[in-house]
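Heads up: the structure comes next, in structure tokens.
2 protein chains.
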Amino acid sequence: MAKPEPTRQQLDRTAWIKAALDILAEKGVDGIRVEVLAKRLKVTKGSFYWHFKDRRDLLDAVLGTWKDGRIRDIQKQTRAQPGEELPRAFHVIEVYSANRNRKGMLIEIAMRDWARRDAAAAAVVEEVDAARLEFGRRGFEARGMAPLEASSRSLLLYAYVFGLSLMSCGKFDADMAEMKRWIADRIAR
Amino acid sequence: MAKPEPTRQQLDRTAWIKAALDILAEKGVDGIRVEVLAKRLKVTKGSFYWHFKDRRDLLDAVLGTWKDGRIRDIQKQTRAQPGEELPRAFHVIEVYSANRNRKGMLIEIAMRDWARRDAAAAAVVEEVDAARLEFGRRGFEARGMAPLEASSRSLLLYAYVFGLSLMSCGKFDADMAEMKRWIADRIAR
DNA sequence: ATTCTTCCATACGCAACCGTATGGATTGCG
DNA sequence: CGCAATCCATACGGTTGCGTATGGAAGAAT
Chain A
21 MAKPEPTRQQ
31 LDRTAWIKAA
41 LDILAEKGVD
51 GIRVEVLAKR
61 LKVTKGSFYW
71 HFKDRRDLLD
81 AVLGTWKDGR
91 IRDIQKQTRA
101 QPGEELPRAF
111 HVIEVYSANR
121 NRKGMLIEIA
131 MRDWARRDAA
141 AAAVVEEVDA
151 ARLEFGRRGF
161 EARGMAPLEA
171 SSRSLLLYAY
181 VFGLSLMSCG
191 KFDADMAEMK
201 RWIADRIAR
Chain B
21 MAKPEPTRQQ
31 LDRTAWIKAA
41 LDILAEKGVD
51 GIRVEVLAKR
61 LKVTKGSFYW
71 HFKDRRDLLD
81 AVLGTWKDGR
91 IRDIQKQTRA
101 QPGEELPRAF
111 HVIEVYSANR
121 NRKGMLIEIA
131 MRDWARRDAA
141 AAAVVEEVDA
151 ARLEFGRRGF
161 EARGMAPLEA
171 SSRSLLLYAY
181 VFGLSLMSCG
191 KFDADMAEMK
201 RWIADRIAR
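For the protein sequence lines, the chains are A and B, in the order given.
Under this note's numbering, residue 209 is the last one in the first sequence; the count climbs by one each step, no gaps.
Under this note's numbering, residue 209 is the last one in the second sequence; the count climbs by one each step, no gaps.
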């Protein structure tokens, strides 16, 4: 048995953080309420205040785990396919602008909305953004572009991807798929 | 006297809506609380519930005024300088990605965050976005571009502009100004 | 078995809000 | 003046959520 798993299901910090991330995607930061989380986890506040000092403690933990996950994602991609920079750029656009990874994008937006009002969140978002921009920049530079052009394309790529995610472009055009292809070319090619 | 202005300052709906828009920019939708607005306007809830049925009534009014303003802005620009499509595209990028118009951008983001959870807000945002995309599309088409390219550039333009606004690109690069110029060229030229 | 530690339930006080009810003040009008 | 409409203050009950205090159950240690 690799998992000694106690018979009585015990909650730990990660369970609360996971639930908090769910609500963050659904309702934003202001939706993260300890009594609401408790109800969702079928326990009471007593459990929460055992694992966390207060609500702020949970929020900081959420920030930490989100940041670690994003940074890890980047490092994973960096190690994955060296020398495949162009398809990788398209892959980024695909993943982030698709409807899969929907929850991830919702968290992205909620995170940035949060960052507007919270210094700690702002710091985390800035760190993640910097890592992503740097990752993109290196990809373009590896294809022989000048530093300015590489940085610019990287910024354009991520700004476009996040901007698209908060435009409800439902019925703007039926040829959305073609448009996205055109745009991806314009950004990465 | 063009303004019969009653001696005792009376509040009307527009005063509440204006205050609500201020808070929307600062704290998001969830920050719009009638008792908070009342305190800011130096009155009590009694006044609010005279002018509005309930909180939802105010929120709908906020949506309406914001939508009207954005649509009016577009129409104004459309009439303004016909035949100046390229500088107009640059102007859009300038205005929306600058630090002036800061409050406007904050409202834009808050609005889109709101739209994720509220059907009425989603409808308004979609309408405004559609109008803007159409405006941009016509501009590019007027320069002789094919429909697909024009639509794509328009979408890229607005997605980039809104995406940039929610990236805290503080210290990514000192050459931000140059990068923005490079990107503007890539989108509009 | 007894004690100790871990983890959660229950109960409480406090604050922020929502919406209603009702009365008071000011203004326009007959 | 007197009356009615307009606009706001005050007071109240109800809900939701935070944080604390305290007790209880289950397993681990001795």
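Heads up, the beta-carbon is just placed ideally off N, CA and C, and yes, glycines get one too.
These numbers come from a predicted model, not from an experiment.
In whole angstroms, what separates the C-alpha of residue i from that of residue j?
i        : j        : result
B/Thr34  : B/Phe68  : 11 angstroms
B/Glu25  : B/Trp86  : In this predicted model, B/Glu25 has a pLDDT of only 40, less than 50, meaning its place in the structure is not dependable; the value taken from the coordinates is given anyway. Each residue's alpha carbon lies about 25 angstroms from the other.
B/Arg132 : B/Lys59  : 27 angstroms
B/Gly103 : B/Ser171 : 18 angstroms
B/Val112 : B/Asp205 : 13 angstroms
B/Lys38  : B/Ala142 : 20 angstroms
B/Ala130 : B/Arg122 : 12 angstroms
B/Ala166 : B/Arg152 : 18 angstroms
A/Asp93  : B/Ala197 : 29 angstroms
A/Arg108 : A/Glu154 : 14 angstroms
A/Thr98  : A/Gly164 : 17 angstroms
A/Glu55  : A/Trp36  : 11 angstroms
B/Thr27  : A/Lys65  : Only weak support exists for where B/Thr27 lies, its pLDDT of 42 falling under 50; the value from the coordinates is given anyway. Going by the C-alpha atoms only, they are around 53 angstroms apart.
A/Arg209 : B/Arg209 : 16 angstroms
B/Gln95  : B/Met187 : 29 angstroms
B/Glu114 : B/Ile127 : 17 angstroms
B/Lys62  : B/Ala139 : 32 angstroms
A/Arg90  : B/Asp195 : 25 angstroms
B/Gly84  : A/Leu175 : 34 angstroms
Does any C-beta atom of chain B lie closer than 9 angstroms to the C-beta of residue i?
i        : result
A/Val82  : no
A/Gly48  : yes
A/Asp195 : yes
A/Ile207 : yes
Secondary structure at residue i, three-state DSSP: helix, strand or coil?
i        : result
A/Gly89  : helix
B/Gly103 : coil
B/Thr64  : coil
A/Ala197 : helix
A/Leu79  : helix
B/Leu31  : coil
A/Trp166 : A quick correction: the sequence has Ala, not Trp, at residue 166 of chain A. If DSSP states are grouped into helix, strand and coil, A/Ala166 belongs with coil.
B/Arg132 : helix
A/Phe72  : coil
B/Leu153 : helix
B/Gly48  : coil
A/Leu186 : coil
B/Arg209 : coil
A/Asp42  : helix
A/Arg108 : helix
Can you list, in chain order, the residues of its chain whose CB lies under 6 angstroms from that of residue i, leaving out five sequence neighbours each side?
i        : result
B/Leu177 : Gly156 and Ile207
B/Phe72  : Leu78
B/Tyr116 : Val181
A/Ser185 : Met125
A/Leu106 : none
Ignore the nearest five residues each way along the sequence and tell me which others in residue i's own chain have a CB closer than 8 angstroms to its CB.
i        : result
B/Ile52  : Ala40, Ile43, Leu44, Arg75, Leu78, Leu79 and Val82
A/Leu31  : Leu61, Val63, Ser67 and His71
B/Phe110 : Ala204 and Ala208
B/Ala162 : Gly103 and Glu105
Please classify residue i as buried or exposed, where buried requires at least 16 neighbouring CB atoms within 10 angstroms.
i        : result
A/Lys200 : buried
A/Trp70  : exposed
B/Ala179 : buried
A/Ala100 : exposed
A/Asp149 : buried
A/Arg173 : buried
B/Gly159 : buried
B/Gly183 : buried
A/Gly48  : buried
Please check if any C-beta of chain A sits within less than 9 angstroms of the C-beta of residue i.
i        : result
B/Gly285 : Residue numbering for chain B in the displayed model covers 21 to 209; residue 285 of chain B lies beyond these limits and cannot be assessed.
B/Ser171 : yes
B/Ala179 : yes
B/Phe182 : yes
B/Glu198 : yes
B/Pro26  : Here the model assigns B/Pro26 a pLDDT of 43, short of 50, so the residue's position is not dependable and the matter cannot be decided.
B/Ala162 : no
Any heavy atom of the ligand PLP closer than 8 angstroms to the Cβ of residue i?
i       : result
A/Gly84 : In the structure on display, the ligand PLP does not appear, and there are no ligands present to speak of.
Which residues in the same chain as residue i place their Cβ atom closer than 7 angstroms to its Cβ, once the five residues preceding and following it in sequence are excluded?
i        : result
A/Ala135 : Ala141, Ala142 and Val145
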